[in-house]
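Numbering-wise (full-length UniProt numbering), the sequence shown opens with residue 1 and increments by one.
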Amino acid sequence: VVEPTKMTDTKFSFVQGVDESKAELEEIVQYLRDPEFTSLGAKLPKGVLLSGAPGTAGVPFFFKSGSEFEEQWVGVGGRRVRDLFSASKKCSPCIIFIDEIDSFGGQRNPRDYKGANGVQQNDGIILIAATNFPECLDKALVRPGRFDQNVVLPNPDVEGRRHIMESHMSKVHKGQDVDLSIIAKGTPGFSGADLANMVNIAALRAAKDGANAVSMTDLEYAMDKIIMGSERKSAVISDETRKLIAFREGGYALVAIHTDGDHPVHKATIVPRGLSPGVVAQFPDKDKTSASRKQMLARLDVCMGRRAAEEVIFGENEVTSAASSDLQEATSLAREMVTKYGMSKVVGLVAGNYDDNWRGMDTETKKEVRELWDRAYNNAKTILTTHSNELHALANALLEKETLTGSQINALLEKKQRRFKQPVLDNPKLGKEVRSGYQGKKWAIFHPANSKIKWDPWRLVYDIPLAHPVHKATIVPREMSLGMTSSGKNDVTSGASSDLQQATSLARATVTKYGMSKQ
């Protein structure tokens, strides 16, 4: 039996951080309340598709989950769709909300979509569906006539996050020291659900400590728990392992601090959090929707920090598998720079779809990806070798205090020596200089043969005579794009097999996953 959801106290004023998306939905409500808009010949939208990252919200009316239409018996799902639309016509005007529509809307079964065809555009029935994976939906389902509008719910920006936290903090006792602007700046990428969870964690901690209000310390604790994971202070770790972790995390933080273009260090700890033996958290100065080549090169350098620290301090034969996730990130980023972002000097402005298939790349692509790896690793080793005294001081401080904030790390390094941005190499074989000194000066790097190499800017100029004529250009953000330009369209025995399998797996992981290959 399909019945409408009872009225709730939820209002549009409770929704914060997605003003443009909220305005589009408010228009739909206005259409239902005032049918006079049809006097100009306008037709009521039949369907609205809400898409966005997990945790960006949805409000049910005639509520159904997409999984409820999935059954082992043929025809059951289609019948439930028809029953839903039949019941909605009796309650017009109304709104039908289908959550997780991708659970059945990604399959090619047009019979399950016919229910939407039976709704006339001025029947006073609006179909709203929500999905986190709009790209997997069947094109026949999301075509105009079924879903006339696509409302994207992005993660909130810094001002939106502040408004969302103000809404949630109004339901708890807030301490006088709480500055939500600081928390908003430190939570880029958080969804509304993440922020609600953070406030709840902070309130639970305050109650556990017997406090009368939620303080700034409680909110910072909650933020670190979400970003870095829960602390595991009871974990038994040997002194040797603690030393290794301290130098590894210290190396990562130090490379980040001395690399122009990467995010500032927020906190470093050698206390196990989640599944990580140690963590260095970084926060961007501001929300970013794209990354420059300089920032990507800087990110590659930082990803090599942990592995480089292990080799510089303990030797080549003592490197561990702990940096595997960093190496995976660096591998993915380097590959995308060459094959996806058009940042290749050899391949050029070509975007391929290699995914994780290393074998599928041609020789030139592999060579350029390898050069990016080598450059980043040499840069990280150069920074850690040049600032060896800072690395030892930072590691010793982590061994003593276990956790250091970014400001504490910077104060520690300033005591050792004046911060100086070391010049780094763009290509370890040629020795090109691409970074500026600390005071903005260009520093000459010499080839091993003492021949000076000049740096030429990386440029690509293209003329496109066959491009479509430009229809319109805008810098107003539209859906997930910051700006848009649209163009017009033209038409021995087997007894040791298990040992061999284990050895093969370990050897393969050593080379392909842990970055322990010399070739």
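Cβ atoms here follow ideal geometry from the backbone N, Cα and C, with glycine treated the same way.
- For residue 192, the number of other beta carbons within 10 angstroms of its own is at least 16, and it is reported as buried.
- Rounded to the nearest angstrom, the gap between the Cα atoms of residue 291 and residue 92 is 48 Å.
- When 508, 410 and 132 are compared, the shortest CA-CA separation from residue 267 is found for 410.
- Burial state of residue 510 is exposed, judged by a 10 Å Cβ sphere holding fewer than 16 other Cβ atoms.
- Its Cα nearest to that of residue 369, the residue 339 stands out among 392, 382 and 339.
- Distances from the CA of residue 169 to each of 189, 152 and 199 were compared; the closest alpha carbon is that of 199.
- Taking all protein chains shown into account, residue 381 has 16 or more neighbouring C-beta atoms within 10 Å of its C-beta and is therefore buried.
- Between the beta-carbon of residue 250 and that of residue 391 there is about 6 Å, and that keeps the pair under the 8 Å contact cut.
- Nearest to residue 224 by C-alpha distance, out of 325, 241 and 190, is 190.
- Annotation: residue 149 to residue 331 spans about 38 Å, alpha carbon to alpha carbon.
- In this structure, residue 158 lies near residue 287, with their beta-carbon atoms less than 8 Å apart.
- In the structure shown, residue 133 falls within a coil segment according to DSSP collapsed to helix, strand and coil.
- With a cutoff of 8 Å on beta-carbon distance, residue 151 and residue 178 are scored as not near each other.
- In the DSSP assignment, residue 94 is bridged to 125.
- DSSP places residue 52 within a strand segment (E or B) once states are collapsed to three.
- Burial is judged here by how many other beta carbons sit within 10 angstroms of a residue's own beta carbon; residue 155 has at least 16 and is buried.
- The DSSP-derived three-state label of residue 321 is coil.
- Collapsing the DSSP output to three states places residue 240 in a helix.
- Here residue 222 carries a helix assignment [DSSP, helix/strand/coil].
- The shortest C-alpha to C-alpha distance from residue 274 to any of 240, 303, 241 and 231 is the one to 231.
- Residue 314 has its alpha-carbon roughly 10 Å from the corresponding atom of residue 320.
- Short of 6 Å from the beta carbon of residue 516, and not among the five residues preceding or following it, lie these beta carbons of its own chain, in chain order: 510.
- Setting aside the 5 residues that flank it on each side, residue 221 is surrounded in the same chain by 201, 202 and 205, each with a C-beta closer than 8 Å to its C-beta; the list follows chain order.
- As the crow flies, the alpha-carbon of residue 406 is around 37 Å from that of residue 506.
- As the crow flies, the alpha-carbon of residue 404 is around 10 Å from that of residue 265.
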